[in-house]
Amino acid sequence: MNETILKQVLNQVKEGKLSIDEAMIQFRDFEYKELDFAKIDNHRQLRTGYPEVIFGQGKANEHLLSIVEYMNQRENNILVTRTTAEVYELVKGIVPDAVFDPLARTITIRKVSTQKPESHIAVVSAGTSDMPVTLEAVRTAEIFDNEVRVYNDVGVAGIHRFYDKLGEIKKARVIVVVAGMEGALPSIVGGVVDKPVIAVPTSVGYGASFGGLSALLGMLTSCASGVSVVNIDNGFGAGYLASMINKL
Numbered sequence: 000m001n002e003t004i005l006k007q008v009l010n011q012v013k014e015g016k017l018s019i020d021e022a023m024i025q026f027r028d029f030e031y032k033e034l035d036f037a038k039i040d041n042h043r044q045l046r047t048g049y050p051e052v053i054f055g056q057g058k059a060n061e062h063l064l065s066i067v068e069y070m071n072q073r074e075n076n077i078l079v080t081r082t083t084a085e086v087y088e089l090v091k092g093i094v095p096d097a098v099f100d101p102l103a104r105t106i107t108i109r110k111v112s113t114q115k116p117e118s119h120i121a122v123v124s125a126g127t128s129d130m131p132v133t134l135e136a137v138r139t140a141e142i143f144d145n146e147v148r149v150y151n152d153v154g155v156a157g158i159h160r161f162y163d164k165l166g167e168i169k170k171a172r173v174i175v176v177v178a179g180m181e182g183a184l185p186s187i188v189g190g191v192v193d194k195p196v197i198a199v200p201t202s203v204g205y206g207a208s209f210g211g212l213s214a215l216l217g218m219l220t221s222c223a224s225g226v227s228v229v230n231i232d233n234g235f236g237a238g239y240l241a242s243m244i245n246k247l
């Protein structure tokens with residue numbers, strides 16, 4: 000139950016349109032909904048300002064569908080990460096307006112829209128191979144009602160491409176930088192902007208990149224100030240944090 004619905008129920012009780020017993024039925028699952036296989040955190044929107052997000056990877060299809068079906072009744076926006084086209088076809092059967100991004104591997108269902116901040120988020124990627132993680136960050140920030148501007152393929156192998164876009168990138172409130180290989184791009188960005196930088200290491204790279212570990216360590220040991228780092232391939236975490244910063 001989000002804050003808007005909570006106020007509506009309380010106003011209905013105040014105006015005599017709803018009895019206390021009827022209101023209690025609606026509040027029954029106020030904190031969380033107990034399913035056989037999951038406890039859905041209905042209270043998270045009120046605590047944090049953001050609804051619970053569904054991590055799709057590893058979930059049985061029937062479990063994920065039940066979670067989506069229940070959350071869809073609660074009038075919150077829904078984000079499913081790390082999911083597949085097969086799951087999307089099943090979800091579309093119960094929520095026809097669900098949207099699937101095959102590169103980001105996300106399903107989004109928009110139930111409500113709020114006022115976007117006047118500021119925006121920049122998402123900068125080093126290479127086209129980083130796009131799945133880049134788009135996961137983008138779709139996450141967008142479903143939380145942020146304007147996102149994307150700058151793809153501006154990595155250090157052709158750094159002039161980044162500098163061509165630097166003036167635009169500097170206008171953002173917060174900058175997400177996605178890179179694999181040696182993970183150098185966030186350090187460069189952090190050294191030339193006055194905004195917080197969220198670095199996202201990806202698992203893109205050859206053998207000695209160790210599945211993103213070299214990029215992660217490079218970003219963690221960055222000499223540039225103002226650079227924070229999320230886990231390998233965690234576009235969701237970067238988009239979520241960028242949204243929080245953009246709405247401060």
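For the record, in the sequence shown the residue sitting at position 53 is 52 according to numbering that gives the first Met the number 0, with numbers rising by one throughout.
Ideal placement from N, C-alpha and C gives every residue a C-beta, glycine not left out.
Note that the structure is predicted; figures quoted are calculated from it, not measured.
Check, Outcome
"Between the alpha carbons of G126 and G190, how many angstroms are there, rounded?", "20 angstroms"
"If you run the structure through DSSP and keep just helix, strand and coil, what is F143?", "coil"
"Reducing DSSP to helix, strand and coil, say where I39 ends up.", "strand"
"Let me confirm a value: V175 is counted as buried when at least 16 other C-beta atoms fall within 10 Å, else exposed. Which label applies?", "buried"
"Is V8 a contact residue of the ligand COA, with contact defined as CB to any heavy atom under 8 angstroms?", "Absent from the structure shown: the ligand COA. Ligands present: none."
"Note down, in chain order, each residue of its chain lying with its Cβ closer than 6 angstroms to the Cβ of G204, except the 5 sequence neighbours on either side.", "G179, M180"
"Identify which residue in R172, P101, R109 has its Cα closest to the Cα of V132.", "P101"
"Express the C-alpha separation of E68 and I251 in angstroms, rounding to a whole number.", "As shown, the chain starts at 0 and ends at 247. That puts residue 251 outside it, with no answer to give."
"Would you decide whether A84 is buried or exposed? Buried here means 16 or more other CB atoms lie within 10 Å of its CB.", "exposed"
"Exposed or buried, T220, counting other C-beta atoms within 10 Å across all chains shown (16 or more means buried)?", "exposed"
"Rounding to the nearest angstrom, what Cα-Cα distance links V253 and L165 in this structure?", "This structure cannot speak to residue 253, because the chain is shown only from 0 to 247."
"Could you give the DSSP three-state label for V52: helix, strand or coil?", "coil"
"Report the partner residues of I174 according to the DSSP bridge assignment.", "A121, V196"
"What residue range is occupied by the uninterrupted beta strand (DSSP E) comprising D163?", "No beta strand (DSSP E) holds D163; the alpha helix (DSSP H) holding it covers 159 to 168."
"Just reading off the alpha helix (DSSP H) that V67 is part of, what are its end residues?", "60 to 71"
"Based on DSSP bridge pairs, tell me the residues matched to F99.", "I106"
"Alpha carbon to alpha carbon, how far is A183 from Y239?", "23 angstroms"
"Buried or exposed for G57, going by 16 or more other Cβ atoms inside 10 Å?", "exposed"
"Could you work out which residue in L247, D152, P50 is closest to T139 when comparing CA atoms only?", "P50"
"Assign I187 to one of two classes, buried (16 or more other C-beta atoms within 10 Å of its C-beta) or exposed (fewer than that).", "buried"
"Taking the alpha-carbon positions, what's the S118 to S112 distance?", "17 angstroms"
"Contact check, G79 vs G48 under 8 angstroms by CB: the rounded distance?", "Note that residue 79 is Val in the sequence shown here, rather than Gly. Actually they are not in contact, since the Cβ atoms of V79 and G48 sit about 20 angstroms apart, beyond 8 angstroms."
"In whole angstroms, what is the alpha-carbon distance linking V153 and V94?", "37 angstroms"
"Tell me which residues share the same chain as F161 and place their Cβ nearer than 6 angstroms to its Cβ, disregarding the 5 neighbours each side in the sequence.", "V153"
"Please list, in chain order, all residues of the same chain as G210 whose beta carbon is under 6 angstroms from its beta carbon, the five residues on each side excluded.", "S202"
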